[in-house]
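When we follow this note's numbering, the leftmost residue of the sequence shown carries the number 2, and every step to the right adds one.
Don't be surprised by glycine CBs; every beta carbon is placed ideally from N, CA and C.
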Amino acid sequence: MSDISLVIGASSGIARATIEGLLESNADSLVVAVSRSSAPTELDGRCHWFKCSYGDGEIGRTLRKIVELRGAISKVFICNGLLHSSQISPEKRVEDIDREALHAVFEVNAVVPMLWVKNLKPLLRGPKPAVICVLSARVGSISDNKKGGWYAYRASKAALNMFLKTSAIEFARVAPSSQFIVFHPGTTDTPLSSPFQTNVPADRLFSPNFVANKMIQIVEKHISSKTGVGEAHFLAWDGSTVSW
Ligand SMILES: NC(=O)c1ccc[n+]([C@@H]2O[C@H](COP(=O)([O-])OP(=O)(O)OC[C@H]3O[C@@H](n4cnc5c(N)ncnc54)[C@H](OP(=O)(O)O)[C@@H]3O)[C@@H](O)[C@H]2O)c1
């Protein structure tokens, strides 16, 4: 049985760099990508790609197909996230709150990752160490909120964080070899951050490759040291702890 590294939301800038980094660093493990989109034409032939619309049932069916690859899932990277779209802009004032936008942002940032956690649970009950690393954001920290604004994004990431902290408590009983990393990548040069990069100093705007490699190193360190099994760790790209 091979180790499987699973990258969900695989079309994201950070996810694509994560797939590259995993293929470079783990020659003997299987890298599996899941996305709403079809596999890109330039995809490395060693990566298995599954298309999924993220319905609850479809997530379960996709995971059953992945398990048929005859591997055990050891690393999961959940990269889905929504800050803006052609119809959605982050709110500056409460007057900007819009019901449909709130639903859409919560769906991508909190509901979809939690449905993956739900469907992964039965696969992570064994003794093999596993890490579920979910891309959150520092702005989802309630104690760190000094600037305000970005209501839907902040609140949906805070909801995601609470989903993961709560899941870690449950998994400590039923899947005690698994850990959760709630990961803040820092401002990373992808379509998600591109409209908001103007005031970011050049040395604080990271490339997706830089962030992905930091994230992979953190996940590998947690797998091998088994530190904090049964807990959720809210960590930034440099390994520092972010307050909840
Ligand atoms: N870039 C930054 O500066 C930054 C900073 C802090 C936190 N983050 C977080 O890091 C993660 C990755 O960000 P990124 O910058 O790489 O993002 P990105 O390039 O904009 O990618 C967007 C991601 O969201 C998913 N997605 C978009 N719309 C969706 C929908 N309607 N339903 C389900 N999934 C949807 C995509 O999945 P598919 O592959 O299925 O399309 C893709 O994984 C996100 O969680 C983001 O909040 C990013």
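Check	Outcome
Span separating the alpha-carbon of Phe235 from that of His185	8 Å
Enclosing alpha helix (DSSP H) for Phe172 [first to last residue]	152 to 175
Residue from Arg155, Thr42, Gly150, Asn81 whose Cα sits closest to the Cα of Cys134	Asn81
Segments of 4+ residues assigned as alpha helix (DSSP H) that fall wholly inside the segment 30 to 89	57 to 68
Other residues of its chain near Arg62: CB distance less than 7 Å, five sequence neighbours each side excluded	none
Short Cβ contact (7 Å threshold) for Lys52 with Ser6	no
Ligand 1 heavy atom lying under 6 Å from the CB of Ser244	no
Beta-carbon spacing of Ile9, Trp117 below 7 Å	yes
Supposed contact pair Leu31 and Asn110 - C-beta distance, whole angstroms, cut 8 Å	The pair is not a contact, with the Cβ atoms about 28 Å apart (cut-off 8 Å).
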